[in-house]
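Note that our numbering has the sequence shown beginning at -4, numbered continuously upward.
Even for Gly, the Cβ is constructed at its ideal location relative to N, Cα and C.
The structure appears below as structure tokens.
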Amino acid sequence: MKLIGMVNKMRNASITGWGKYLPDNILTNKDLEEIVDTSDDWIRSRTGIKQRYIADDGETTSDLAYHAARKALKTADLKAEEIDMIIVATVTPDMPFPATSCILEDRLGADNAATFDLEAGCSGFVYGLSVASQFIESGMYDNILVVGAETLSKIMDWEDRNTCVLFGDGAGAAVVQAVDKGGLMSFDLGSDGSGGESLYMPGGGSLNPATEKTVEDKLHYIKMAGNQVFKFAVKRMSQASRDVVNKAGFGTEDVDLFIPHQANTRIINSAAKRLDLNNDEVYVNLPEYGNTSSASVPIAMAEAREKGLIKNGDKVVLVAFGAGLTWASAFLEWNEEGK
Ligand code: ACO
């Protein structure tokens, strides 16, 4: 594990645009009672989730990404052709290749953008911010679009109650640009590949190329050992939050708002307790959206900003964990006034 940030920079990078998008269809816990052997009470008490949004049959990850990206460009007052780079974090790309970021680039008309996808599970968006930040700080690029977008419903085993009640679809996006002060101050990124099989989709890659048998064996669906991920999440979310704040020269008591990956309110509460945080210092929207993987942090961030819960100068922590297993955190002094 390495801490990055607070090194010599040519200039600072900051989030100057934000946007979120959810598909139209809502799937409630009551609806799920009709699909698998579960109950609204079990789902609420064990996870905190009340409902989630589900993409239509023909609706893709790039579709959701497009709508979130358009909103982020609007708030940043940036034209698509001014984007230098697009990073799409996702575990549910439209297809293995071309990258979803290329599809998004074409749809946006971002003809001058370099593009690539980034796969770091639910930590992908924060990983993406760290990459964008390096390109801005070095002076190589001025305008970078970072998107977290998922259609997890497409890789869900709707007969597996251990997983299908947890996840939802959605997208969030951010524009990263240069600023005079503040912005993205430090990052803490890490991974522990030994935990890979506690959260994975085994089919469709070089290990298990798609065959009738892999479909029959349900290898193209999410597999998860929930309690192993739970323990990892509580430990890493609190540690990564503390490390990234300290690296920027502050203490967790200085932070105005923590925006954690939205997977389970029990995970969020346990991490918050370890960090001595009050409820109003932690943003939670999990009940409405479920776990949207790499989209969860940018959706929560856009929503918190839209509600006026983040103001210029506020100290904000974004923190996530996910498949890999991975974790990532970012500390920022909110500054949305691009140069
Ligand atoms: N409805 C009713 N009962 C259920 C359901 C359900 N939907 N799901 C599981 N159960 C049952 C189990 O079968 C088990 O029954 P048993 O005791 O008879 O065997 C019982 O409930 C308890 O199961 P546990 O797994 O012990 O339940 P737990 O309290 O650990 O909660 C949960 C499970 C919600 C999955 C929790 O472990 C969790 O949230 N883990 C983290 C998962 C996560 O965050 N994943 C996403 C990572 S991010 C990414 O990259 C995608």
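(request) Run the CB neighbour count on Met(-4), radius 10 Å, all protein chains shown included, and call it buried at 16 or more, exposed below. (result) With a pLDDT of 47 at Met(-4), under the threshold of 50, the modelled position of this residue cannot be trusted; read the value that follows with caution. Met(-4) comes out exposed.
(message) In whole angstroms, give me the CA-to-CA distance for Glu76 and Asp89.
(response) 23 Å
(request) Using 10 angstroms around the beta-carbon of Leu214, count the other beta-carbons present and answer buried if the total reaches 16, otherwise exposed. (result) buried
(request) Confirm the yes/no value for this check: CB of Leu161, any heavy atom of the ligand ACO, distance under 7 Å. (result) yes
(request) Work out the CA separation of Gly143 and Gly0 for me, nearest whole Å. (result) At Gly0 the pLDDT is 49, less than 50, meaning the model places this residue with poor confidence; the figure from the coordinates comes in the next sentence. Using only the alpha carbons, I get a separation of about 22 Å.
(message) Using 8 Å for Cβ pairs, my map puts Ala67 next to Ala168. What's the rounded Cβ distance?
(response) 4 Å
(request) Indicate the three-state DSSP secondary structure (helix, strand or coil) for Val86 in the structure shown. (result) coil
(request) Can you tell me the Cβ-Cβ gap for Lys138 and Leu73, rounded? I've got them flagged as a contact below 8 Å. (result) The displayed chain sequence assigns Asn, not Lys, to residue 138. Confirmed, Cβ separation roughly 6 Å.
(request) Would you mind working out which of Ile21, Phe316 and Ala325 sits nearest Glu114, comparing C-alpha positions? (result) Phe316
(request) Quick one: give me the first and last residue of the alpha helix (DSSP H) that Glu298 is part of. (result) Ser291 to Glu301
(message) Let's test the definition: count the other Cβ atoms within 10 Å of the Cβ of Leu202 and tell me whether it reaches 16, buried, or not, exposed.
(response) exposed
(message) Taking the beta strand (DSSP E) that Asp164 belongs to, which residues open and close that run?
(response) Asp164 to Val174
(message) Once DSSP output is grouped into helix, strand and coil, what is the label at Met232?
(response) helix
(message) By alpha-carbon positions, which one of Ala295, Ala243 and Tyr284 ends up nearest to Phe351?
(response) The question about residue 351 has no answer here: the residues shown for the chain are numbered -4 through 334.
(message) Mapping the DSSP letters down to three states, classify Lys(-3) as helix, strand or coil.
(response) Any answer about Lys(-3) is weak, because its pLDDT of 49 lies below 50 and its placement is not dependable; what the coordinates show is given next. Strand.
(message) Quick check on the burial criterion: 16 or more other C-beta atoms within 10 angstroms. Buried or exposed for Asp183?
(response) buried
(request) Mark Ile30 as exposed unless 16 or more other C-beta atoms lie within 10 angstroms of its C-beta, in which case mark it buried. (result) exposed
(message) Under 7 Å: does the beta carbon of Leu22 sit that close to some heavy atom of the ligand FMN?
(response) Among the ligands modelled here, namely the ligand ACO, the ligand FMN does not occur.
(request) Could you please give the first and the last residue of the uninterrupted alpha helix (DSSP H) stretch that includes Phe130? (result) Gly119 to Glu132
(request) Count the other CB atoms, across all protein chains shown, that sit within 10 Å of the CB of Pro204; report buried if there are 16 or more and exposed otherwise. (result) exposed
(request) Alpha carbon to alpha carbon, how far is Pro255 from Leu313? Give it in angstroms, no decimals. (result) 6 Å
(message) Looking only at its chain, what residues have a beta carbon closer than 6 Å to the beta carbon of Pro197, apart from the 5 residues adjacent to it on each side?
(response) Asn203 and Leu214
(request) From the DSSP output, in three-state form, read off Trp37 for me. (result) helix
(message) At 3 residues or longer, what runs of the beta strand (DSSP E) sit wholly inside the segment 19 to 72?
(response) 20 to 23 and 46 to 49
(message) Less than 7 Å separating the Cβ of Arg41 from some heavy atom of the ligand ACO?
(response) yes
(request) Please confirm whether Met5 and Gly177 have their CB atoms less than 8 Å apart. (result) no
(message) I'd like to know whether the C-beta atoms of Leu17 and Ala64 end up nearer to each other than 8 Å.
(response) no
(request) Out of Ser233, Ser193, Ala94 and Gly285, point me to the one whose CA is closest to Ala323's CA. (result) Ser233
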